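Visitor:
This is the structure we're talking about:
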C-alpha cells in the first residue's frame, strides 16, 4: 500500500456507459491515469474507445486499454478482435484483460484459453498484460496466473483489499464502482495504484 505520507496515485476506468467525458477535468481532479474499454469477446468493440483513448492522452493522463474476456469465446478470436482495434503507444499503460464472470456456455479448458490469450498479447506487443478480476472470482478461478500484475476489484472501506491466494500484492485496486469525479456524469469506477508515480512510470510501454 502507499506510504501514508505520499499522495495516492489515483485514476478511473471508463467505457461507453459514461458517455462523453471531459478528460481535462478528470486530470484536474487529481487523477493520474485512466483505463478505457476497447473490446469484448470475439466481436464486441466499445464505440467510444478511439475518442476516449485520444482524449485521455491529450489531457496528459496515462492511458490504458482493457478487453473484457468472454469465457465462451476462444482465445484466438478474442485476440483478433482486440488487436484489430487496440491503439497502443509508447507511454501507455499495458493492455488489461478483464475476466470476472463465467459465461453460461464457457469453453472447456478456460485456464489454457486464458493463458493463450495472455501469451498472444505479450508476443505481439512485447509487454506483460495486466489481469483485472474481482477478489472472489480470482480466488476461485485464477490460480496459476500470479506472474501477471493484478488489478483487483474489491469494494470496501478497509485500507487495503483482501488478496486472492495466488498473489502477494495488488498493482491496481478498484475500490469503488460508484464514485463521483469531475468531468464524468454519473457514477464511475475509482482506482488506486500500489506505489508512487515513479513506480507507475516503470509500468509504461516503451
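Residue numbers (the numbering used here): 197 to 402. Even glycine gets a Cβ: it sits at the ideal position worked out from N, Cα and C. A quick note: this is a predicted structure, and the numbers were derived from the prediction, not measured.
Less than 8 angstroms between the C-beta atoms of residue 206 and residue 397, yes or no?
Guide: No, they are not a contact pair.
Visitor: Report the partner residues of residue 330 according to the DSSP bridge assignment.
Guide: DSSP output for residue 330 lists 349 as bridge partner(s).
Visitor: Out of 227, 265, 203 and 224, state which residue places its alpha-carbon closest to the alpha-carbon of residue 233.
Guide: Of 227, 265, 203 and 224, the residue nearest in Cα terms is 265.
Visitor: Excluding sequence positions up to five away, which residues of its chain have a Cβ less than 6 angstroms from the Cβ of residue 370?
Guide: If we look at residue 370 and ignore the five residues flanking it on each side, its Cβ neighbours are 349, 385 and 387.
Visitor: Confirm the yes/no value for this check: CB of residue 223, any heavy atom of the ligand COA, distance under 7 angstroms.
Guide: Among the components modelled here there is no ligand, and therefore nothing to report on the ligand COA.
Visitor: Where does residue 374 sit, in a helix, a strand or coil, going by DSSP?
Guide: It is a strand residue.
Visitor: Determine the burial state of residue 393: buried for a count of at least 16 other Cβ atoms within 10 Å of its Cβ, exposed for fewer.
Guide: Residue 393 should be labelled exposed.
Visitor: For residue 208, which option in 321, 359 and 382 has the closest C-alpha, if you only look at C-alpha atoms?
Guide: The shortest Cα separation from residue 208 among 321, 359 and 382 belongs to 382.
Visitor: Specify, as a first and last residue, the run of the alpha helix (DSSP H) that residue 324 falls within.
Guide: Element bounds for residue 324: n/a, residue is neither H nor E.
Visitor: Can you tell me whether DSSP reads residue 341 as helix, strand or coil?
Guide: Looking at residue 341 - three-state DSSP - the assignment turns out to be coil, as it is neither helix nor strand.
Visitor: Give me the residue from 376, 271, 401 and 402 with the minimum Cα distance to residue 226.
Guide: Out of 376, 271, 401 and 402, 376 has the C-alpha closest to the C-alpha of residue 226.
Visitor: Check each candidate in 287, 324 and 367 and name the one with the smallest Cα separation from residue 400.
Guide: For residue 400, the nearest C-alpha among the options comes from 287.
Visitor: The alpha helix (DSSP H) that contains residue 395, what's its start and end?
Guide: Looking at the DSSP string, the run of the alpha helix (DSSP H) that includes residue 395 is 393 to 398.
Visitor: Curious, which full-length beta strand (DSSP E) runs of at least 3 residues does the region 202 to 236 contain?
Guide: Counting whole runs of 3 or more residues, the region 202 to 236 contains the beta strand (DSSP E) stretches 205 to 210 and 229 to 236.
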